[in-house]
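Protein chains in written order, with the working numbering: chain A, 1 to 275; chain B, 1001 to 1326.
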């Protein structure tokens, strides 16, 4: 049992100070969202601020009526389909790219910086460039074509960096051993490489899904006639803000959190197995 | 080692153990094995060229074209660059706009100013959190859990997070109610939400996580023995920070700042939500001119925004050479 020296007291004080700051910080980033969550159960005659005037599911019910906030369900469905497509393509491309980068090749630097450019270019710029280009070519934009194209550009750098990190700590001797035993490249990939990198691939896919699901700037000019969910949310914000919007925000947030938990669950299971 | 570092882009994730030497050697020796590079990179490269390089290049090209009633027509016209930079009376000492930059340059300037303020605030708010997680929390499990707790809001819609400030900062929001209740003001103040203050608050809350992540990673890489050694030699906590922790966390700070800089200069959605479209940012100007079908001018605005960003990134990289650290 160590003695309570002044030094130990000082360390404890510092740690306590930082812990308190951390809690205040959490309040800062979660507080507004929590207030929104509570206010979404506002009574019928209540408004968008405290105090609560009763407690009801009135605004949540309004959310389910198609007429009040545009085509909410449709927009959500489109956003999920789009996010799933981005997820698959991002996971696939980042795995392929990271595998290519394990060997030196010509212009690998150029490709590296091009991938990262997708992270650096503001969404509004990419949206604008694509939109004018499509207009000149006479092609109509749509969420599943031009929207998908730029969403992948946005998500790819994240997935790619994850996969690069995965292959950095990858033990290539395992593949060697399989090759020495006569396995062809496909067998090596299927039996050795892929099982080992699965957690990374799942993480890359998760980046793809969530980044696409919440993306607004890159879709603004490119979604065509039908809205994705963030565009729909934005549209309902330009009207008078009502507690329905809070219900929508809460629902959307819960859905995002649910997706993360599902992915974390898959991740934990796969990670345990791979060890 | 230089050969090795060419093959391994450590990326922004960092803080992993070095792969052991034998594994690295095995990787170098058998470069002819594995799938052919061409097939691995071709699909993604085509996608990147078509949907990233071509749109960006076309912005440059379209910025020189002419806008006719029939649509865009190819030309080499500097008309829209002139409109961007020049205002009537700029060179006329008598005019009240003498030497006053155009409204577009001023919008870009105020956007950059806001970005700078938000970057600094994110750094001030986020650094202690990253420091706490990396230095004060001992168990790796807790580090990860507390870190993820900070990251969760990043995965939720930022439009929603901007609007969530309304019950707090709005005219009838909690803060106004508190101020009224305490008798500090006698009618609700509106500068809280539909204002620069509200905009900055919303931006900091949305983007602060982007500074915590990279700083946390670079702090976590610091060998605790160095700090131990410095303490044994009698260094004060302040000295340790100035001499060891501060300099070693600079790459993380730089990466975080670049992230935030890039995100906020192109930002327009939060501005629309918080300001209700009353104030312009560089991003909203671009969209407005797209909306009225003045595509070349939107392209000029976009290019200038891009230029400002590239300059900003170069300045940050001048201060901290992150490539050395990656």
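From the three backbone atoms N, C-alpha and C, an ideal C-beta is built for every residue, glycine too.
Neighbours of residue 1243(B) across chain A, judged by C-beta separation under 9 Å, do not exist; the nearest C-beta is about 18 Å away. Put simply, the CB of residue 1119(B) is far from chain A, with every gap to its CB atoms at 8 Å or more. The residues 98 and 101, in chain order, have a CB closer than 8 Å to that of residue 164(A) in the same chain once the five nearest residues on each side in sequence are set aside.
Within the region 242 to 254 of chain A, those residues whose Cβ lies closer than 7 Å to any Cβ of chain B are, in chain order, 245, 249, 252 and 253. The alpha-carbon of residue 19(A) is positioned some 8 Å away from that of residue 1132(B).
Where residue 92(A) is concerned, the enclosing alpha helix (DSSP H) starts and stops at 72 to 100. Per the DSSP secondary-structure output, residue 1073(B) pairs in a beta bridge with 1066(B). The beta carbon of residue 1033(B) sits closer than 8 Å to some beta carbon of chain A. For residue 114(A) and residue 205(A), the gap between their C-alpha atoms comes out near 20 Å.
With a 10 Å radius around the Cβ and a threshold of 16 neighbouring Cβ atoms, residue 218(A) comes out buried. Contact between the region 245 to 255 of chain A and the region 1159 to 1167 of chain B is present: three or more C-beta pairs spanning the two stretches fall below 8 Å. Of the candidates 135(A), 151(A), 142(A) and 121(A), 121(A) places its Cα closest to the Cα of residue 1265(B). Within chain A, no C-beta atom comes less than 7 Å from the C-beta of residue 1220(B); the nearest is roughly 14 Å away.
For residue 1106(B), the enclosing alpha helix (DSSP H) begins and ends at 1103 to 1131.
Taking all protein chains in view, the Cβ of residue 1205(B) is crowded by 16 or more other Cβ atoms within 10 Å, so the residue is classified as buried.
In this structure, residue 90(A) lies near residue 155(A), with their beta-carbon atoms less than 8 Å apart. Under the Cβ criterion of 8 Å, residue 234(A) is counted among the residues facing chain B. In the DSSP secondary-structure assignment, residue 42(A) is bridged to 55(A).
In the structure shown, the three-state DSSP call for residue 1223(B) is coil.
CA-CA distance, residue 1052(B) to residue 1110(B), rounds to 28 Å. The Cβ atoms of residue 131(A) and residue 1194(B) lie no closer than 8 Å to each other.
Between residue 1315(B) and residue 1251(B), the C-beta gap is not smaller than 8 Å, which leaves the two residues out of contact. Across the set 210(A), 237(A), 244(A) and 32(A), the C-alpha of 210(A) shows the shortest separation from the C-alpha of residue 262(A). In its chain, beyond the 5 residues on either side, 40, 59, 60 and 63 have a beta carbon closer than 6 Å to the beta carbon of residue 247(A).
The continuous stretches of alpha helix (DSSP H) do not include residue 1243(B), and DSSP gives it neither H nor E. Only 149, 150, 152, 153, 156, 161, 162, 164, 165, 168, 169, 170, 171 and 172 from the region 149 to 172 of chain A bring a Cβ to less than 8 Å from some Cβ of chain B. Contact check between the region 175 to 192 of chain A and the region 1033 to 1049 of chain B: three or more CB pairs, one atom from each, fall below 8 Å, which counts as touching.
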